[in-house]
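Report on the following structure.
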Amino acid sequence: MLERTQWWSEASFRSLFLNVLRIKQEKYILFYGGKDNEWIQQFNKKAATLANDPVMKDTKISIELFCVGKGSKGEDEPNILGHFWNRIESFFFSKTHKKTEQDIVTQEIQKLLSYKTESGWAVLSKGSRLVVNGNGSTMLKVLEEFDKKKELVREMHGTSIADVKPIALTKR
38 MLERTQWWSE ASFRSLFLNV LRIKQEKYIL FYGGKDNEWI QQFNKKAATL
88 ANDPVMKDTK ISIELFCVGK GSKGEDEPNI LGHFWNRIES FFFSKTHKKT
138 EQDIVTQEIQ KLLSYKTESG WAVLSKGSRL VVNGNGSTML KVLEEFDKKK
188 ELVREMHGTS IADVKPIALT KR
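Okay, so the sequence shown: first residue is 38 according to my numbering, each after it adds one.
Okay, structure coming up:
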């Protein structure tokens, strides 16, 4: 049975041909994509600001950005995007075929699949572990709120971003 922490790396890293060293080093990787190029540009700008923020640097939290379906120069790469979603769908069908009741992994995969036709979506992972995923508007709002919450990162230095996430997603 596929463990909760393994399915994400099996689906994403292999389908996107990412370096296994990133998994072993437990690096944070922010995957994002969608149908709306304007949203993708907006998200990329905010995510790059987060990744390069002095608080993140001071606390030695490194976040790599990976735009699924776009090349390094911003050109569309539909083969990679198609392969990514095919792998996610394959994991979903494999999980649902083997079990009669939904477990947390199946729910996570189903949630991610619901973003396939969205204007934007994002997934934060740490090594092989999926930390959080969400639709574009929610995840963009989290990035926009970072300036208000970034001192929490410094205060909680040594605590993983996964532990800070619920604070960042809290609605007012």
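Ideal Cβ placement from N, Cα and C applies to all residues, glycine included. Just so it is clear, the structure is predicted and the values come from calculations on it, not from any experiment.
field: Exposed unless 16 or more other CB atoms sit within 10 angstroms - verdict on I141
entry: exposed
query: Is I98 helix, strand or coil by DSSP?
result: coil
- prompt: Are the beta-carbon atoms belonging to F121 and Q147 less than 9 Å from one another?
  reply: no
query: What number of angstroms, rounded off, separates the C-alpha of A88 from the C-alpha of E188?
result: 15 Å
query: Which of the three DSSP states, helix, strand or coil, is assigned to V169?
result: strand
field: Reduced DSSP category for S151 - H, G, I as helix; E, B as strand; rest coil
entry: coil
Coil, strand or helix - K163 by DSSP: strand
- prompt: Based on Cα-Cα distance, which residue from K163, N170, P91 and I125 lies nearest to R191?
  reply: P91
field: Nearest candidate by alpha-carbon position, reference K97, set I125, K64, T143 and K178
entry: K64
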